[in-house]
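Take the sequence shown: its letter number 50 is residue 50 in UniProt numbering, and every next letter is one higher.
Beneath this line is the structure, given in structure tokens, with notes to follow.
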Amino acid sequence: MTEDRTGFSFKCQANCSHTQARAGVFATPHGVVETPKFMPVGTLANVKTLTPAHLEAA
């Protein structure tokens, strides 16, 4: 696993020679994330249109 002085690192655990897809472990100072990971992101413009109830339900 490669790590820099910020505490972030990525270790590739598997890769595909046909598509260049890869799976691995991304480590941060706050925890570890296995990749690939679906992570929905709400931009400020999108979030402004939602009520607090909609955000909690998501």
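Think of the CB as a built atom: it goes at the ideal place given N, C-alpha and C, for glycine as much as any other residue.
Nothing here was measured: the structure is a model prediction, and the numbers come from that model.
DSSP three-state assignment for residue i, whether helix, strand or coil
i	result
LYS11	strand
VAL33	strand
VAL47	helix
ALA21	coil
ALA53	helix
THR28	strand
Integer-rounded CB distance, given that residue j should sit under 8 Å from residue i
i	j	result
GLY7	THR28	7 Å
GLY24	CYS12	4 Å
Inter-residue Cα distance where the pair is residue i and residue j
i	j	result
PHE38	HIS18	22 Å
ALA14	GLY42	29 Å
Close Cβ partners of residue i (< 7 Å) along its chain, the five nearest in sequence each way excluded
i	result
VAL33	PHE26
Proximal residues to residue i (C-beta, below 8 Å), its chain only, five neighbours per side dropped
i	result
GLU56	none
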